[in-house]
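Be aware that the sequence shown starts at 15, since it is given in my numbering, and climbs by one per residue. Where a beta carbon is used, it is the ideal one built from N, C-alpha and C, also for glycine. Just below is one structure, and these are the notes that go with it.
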Amino acid sequence: MDRVEVSTVVYLPPEEIYEFLEDFPRYADYSEYLQKVRAHGEGKEGTRYTLRFAWWKLNYTAHSEVTDTDPPTRIDWEVIKDIHAHGFWRIDPLDESEREGKDHACRVHFVVEFDTDTARSGALDLPRFVSVGWAINKVKPLILEEAERIVERIVEDLEGERRPVELTIHDRPSSV
Numbered sequence: 015m016d017r018v019e020v021s022t023v024v025y026l027p028p029e030e031i032y033e034f035l036e037d038f039p040r041y042a043d044y045s046e047y048l049q050k051v052r053a054h055g056e057g058k059e060g061t062r063y064t065l066r067f068a069w070w071k072l073n074y075t076a077h078s079e080v081t082d083t084d085p086p087t088r089i090d091w092e093v094i095k096d097i098h099a100h101g102f103w104r105i106d107p108l109d110e111s112e113r114e115g116k117d118h119a120c121r122v123h124f125v126v127e128f129d130t131d132t133a134r135s136g137a138l139d140l141p142r143f144v145s146v147g148w149a150i151n152k153v154k155p156l157i158l159e160e161a162e163r164i165v166e167r168i169v170e171d172l173e174g175e176r177r178p179v180e181l182t183i184h185d186r187p188s189s190v
């Protein structure tokens, strides 16, 4: 099982961050490879999403579901078709001593765990003579880059201005 975890500090109350993260269809605005998100629900537990990804000559539609929520600190999800993958957003409020003079601050974590060995070969629309193994090895480093990009862009939208965002990489895929 591979794992990606990135985090950063956001200078807002946890409730505002949670509400923003719960609006998952907005994520397509932050991603280079996520083309479209369709929601089947309102972001609460049981909401299902159809996510259309495109990279190089590969196209893939993922199907995920929100499996658990604990407002305003956590949103859990899992992919429900083609590959074993799950993850969560976690919002940890920081103590006053860690807020750098701001009224509010939280460390926001984005975590994804995935098992590439469970990928079904028919799930990806691969060009002729391209193996699933080759495609997965090429995509693994992109997952970390994409996680970093999404977190940076979300912070800018949440806080309303661009600032240097210090990302902490806690875990990365084994091949990166």
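Item: Could you give the DSSP three-state label for Ser45: helix, strand or coil?; Value: coil
Item: Indicate the three-state DSSP secondary structure (helix, strand or coil) for Thr130 in the structure shown.; Value: helix
Item: According to DSSP, simplified to helix, strand and coil, what is Pro28?; Value: helix
Item: Give the C-beta separation of Pro166 and Leu26 to the nearest angstrom, bearing in mind that I take them to be a contact with Cβ-Cβ under 8 angstroms.; Value: Looking at the sequence shown, residue 166 is not Pro but Glu. In fact, because the Cβ distance is near 16 angstroms, the residues do not count as touching under 8 angstroms.
Item: Anyone know if the C-beta pair for His77 and Trp103 falls short of 8 angstroms?; Value: no
Item: Can you tell me the Cα-Cα spacing of Glu180 and Ile94, whole angstroms?; Value: 32 angstroms
Item: Confirm, please, whether the CB-CB distance from Val169 to Phe19 is below 8 angstroms.; Value: It is worth fixing the name first, because residue 19 is Glu in this sequence and not Phe. No.
Item: How close, in whole Å, do the beta carbons of Phe128 and Ala161 come, if the pair is a contact with beta carbons under 8 angstroms?; Value: Not really, about 12 angstroms apart at Cβ, beyond 8 angstroms.
Item: Considering only the alpha carbon of each residue, which of Arg17, Thr22, Glu175 and Thr83 lies closest to Pro107?; Value: Thr22
Item: Can you check whether the CB of Ile164 is closer than 8 angstroms to the CB of Ile105?; Value: no
Item: Identify every residue that forms a DSSP beta bridge with Arg104.; Value: Arg88 and His123
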